[in-house]
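Residue numbers (our numbering), protein chains in the order written: chain A, -8 to 199; chain B, -8 to 199.
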DNA sequence: CCTTGTGAAATAGTTCACAGCA
DNA sequence: TGCTGTGAACTATTTCACAAGG
């Protein structure tokens, strides 16, 4: 693991990991970079190069052990432990996020949810309590939270993000349609379907 | 507009457009690339270079007219018309997508929704009818659909995407956690919060 | 002055192509 | 033979830096 690893590489590792998990559950024992590339629509060289930043996981002439490579990626990505997540904003979108079954099996625990109007929003929340957002600071002080998911309206999002960061949360998954301003030590990822659609219409406009 | 425009540039235009829309509604008349860059956390040079692929929209010594630049981007991105969208999969996630208020004001009309179990899923769908997915092909033949949003379980997603493409839909917004296989003329964007979280845990693991 | 638009320079990222090993 | 791991070559993207215009 010598040099600085490009962010684009890191963002591809979860994709590889997910594919390998699928191969594992289908009982595949060995896979080549060619096969991985075919399944993902990327070049085999890219996969080999990406993995080479982290170590030598393959066997010449054979390929990669699916179990071994999945385990290595699990460690590299920090998926060998569970992560504590809070969700702020429990409107329609927030409720969909809270009830999404995909986080738990990957090690993400939504340990608390917050809203400005906790009683109104509690309806339809399976088991999770919705806490008043005024409690955010004291709760963050009481327990280390790794990741904050923001699902409040655009107008409140920056303030919520600032409060999360002040409380020591330095990874933010932002569903609000704003370009969040954060200090350099904080990482933000944006989930934004409208931006994705607007990138597609550019191409639709010409090709058809 | 001479040469081939990089995809990364196109993906930033919607971000610029959104910021400009906000400035417009706040009554800001003129903005510099420096100010735009400050608001978005990118360099002013990048904004100027990106815009220069499409024309000369600024005034030296002054900056950009917010109205003018917003209008130019609207045209470039094809946002001066409405786009027809179908949504396949009306489970918890699909219902949240169907009821999201952010698509309509940006020109995206969800004209139909589909599910394998339309009666069960209709509960809680405000106004939109849920049609049986077996009708997908005939409906796509009857009217040109621009974009398909896929919100079905992972196991069914590739089949749904294939059916959309066969029906002439060549832009796909995929919420299912799979790496979709599509022919070169089809564009896919992935909305995948778990991949985003897994990219973040890589960094959490080291820095803290 | 101030700020754009843009070639040129610098960086970043991808793909090639092949030595080396099972 | 088949496939990895990796420098080197190539391609893409960003940033610099400055002429030119208001």
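Note that CB positions come from ideal geometry on N, CA and C, so glycine has one too.
Neighbouring residues, chain A, relative to residue i (Cβ below 8 Å)
{"i": "residue 10 (chain B)", "result": "170"}
{"i": "residue 97 (chain B)", "result": "185, 188 and 189"}
Listed by chain order, chain A residues near residue i by CB distance under 7 Å
{"i": "residue 178 (chain B)", "result": "191 and 194"}
{"i": "residue 182 (chain B)", "result": "182, 184 and 187"}
Short CB-CB distance (under 8 Å) between residue i and chain A
{"i": "residue 185 (chain B)", "result": "yes"}
{"i": "residue 105 (chain B)", "result": "no"}
{"i": "residue 60 (chain B)", "result": "no"}
{"i": "residue 24 (chain B)", "result": "no"}
{"i": "residue 20 (chain B)", "result": "no"}
{"i": "residue 69 (chain B)", "result": "yes"}
{"i": "residue -8 (chain B)", "result": "With a pLDDT of 44 at residue -8 (chain B), under the threshold of 50, the predicted position of this residue should be treated as unreliable, though the coordinate-derived value follows. Residue -8 (chain B) does not count as touching chain A."}
{"i": "residue 141 (chain B)", "result": "no"}
{"i": "residue 109 (chain B)", "result": "no"}
{"i": "residue 80 (chain B)", "result": "no"}
{"i": "residue 151 (chain B)", "result": "no"}
{"i": "residue 162 (chain B)", "result": "yes"}
{"i": "residue 93 (chain B)", "result": "yes"}
Cβ of residue i within 8 Å of any chain B Cβ
{"i": "residue 131 (chain A)", "result": "no"}
{"i": "residue -1 (chain A)", "result": "no"}
{"i": "residue 2 (chain A)", "result": "yes"}
{"i": "residue 146 (chain A)", "result": "no"}
{"i": "residue 5 (chain A)", "result": "yes"}
{"i": "residue -5 (chain A)", "result": "no"}
Contacts of residue i in chain B (Cβ-Cβ under 9 Å)
{"i": "residue 16 (chain A)", "result": "The premise fails here: residue 16 (chain A) is roughly 12 Å from chain B at the closest Cβ pair, so nothing lies under 9 Å."}
{"i": "residue 136 (chain A)", "result": "The contacting residues do not exist; residue 136 (chain A) stays about 11 Å from chain B at best."}
Cβ pair residue i, residue j closer than 8 Å
{"i": "residue 113 (chain B)", "j": "residue 107 (chain B)", "result": "no"}
{"i": "residue 179 (chain B)", "j": "residue 165 (chain B)", "result": "yes"}
{"i": "residue 128 (chain A)", "j": "residue 80 (chain A)", "result": "no"}
{"i": "residue 38 (chain B)", "j": "residue 54 (chain B)", "result": "no"}
{"i": "residue 163 (chain B)", "j": "residue 185 (chain B)", "result": "no"}
{"i": "residue 30 (chain B)", "j": "residue 103 (chain A)", "result": "no"}
{"i": "residue 69 (chain A)", "j": "residue 34 (chain B)", "result": "no"}
{"i": "residue 22 (chain A)", "j": "residue -1 (chain A)", "result": "no"}
{"i": "residue 87 (chain A)", "j": "residue 119 (chain A)", "result": "no"}
{"i": "residue 145 (chain B)", "j": "residue 168 (chain B)", "result": "yes"}
{"i": "residue 189 (chain A)", "j": "residue 5 (chain B)", "result": "yes"}
{"i": "residue 77 (chain A)", "j": "residue 139 (chain A)", "result": "yes"}
{"i": "residue 65 (chain B)", "j": "residue 8 (chain B)", "result": "yes"}
{"i": "residue 40 (chain B)", "j": "residue 137 (chain B)", "result": "no"}
{"i": "residue 63 (chain A)", "j": "residue 52 (chain A)", "result": "no"}
{"i": "residue 44 (chain B)", "j": "residue -4 (chain B)", "result": "yes"}
{"i": "residue 182 (chain B)", "j": "residue 182 (chain A)", "result": "yes"}
{"i": "residue 84 (chain B)", "j": "residue 91 (chain A)", "result": "yes"}
{"i": "residue 160 (chain B)", "j": "residue 131 (chain B)", "result": "yes"}
{"i": "residue 32 (chain A)", "j": "residue 172 (chain B)", "result": "yes"}
Neighbour list for residue i in chain B, Cβ cutoff strictly below 8 Å
{"i": "residue 32 (chain A)", "result": "170 and 172"}
{"i": "residue 87 (chain A)", "result": "83, 84, 86 and 87"}
Under 7 Å from the C-beta of residue i: neighbouring residues of chain B
{"i": "residue 90 (chain A)", "result": "83"}
Burial state of residue i, where buried means 16 or more other Cβ atoms lie within 10 Å
{"i": "residue 155 (chain B)", "result": "buried"}
{"i": "residue 123 (chain A)", "result": "exposed"}
{"i": "residue 3 (chain A)", "result": "buried"}
{"i": "residue 61 (chain B)", "result": "buried"}
{"i": "residue 187 (chain A)", "result": "buried"}
{"i": "residue 97 (chain A)", "result": "buried"}
{"i": "residue 49 (chain A)", "result": "buried"}
Pull out every residue of the stretch 39 to 54 of chain A whose Cβ sits closer than 9 Å to any Cβ of chain B, in chain order. Listed by position, the residues of the stretch 39 to 54 of chain A near chain B (Cβ gap below 9 Å) amount to none.
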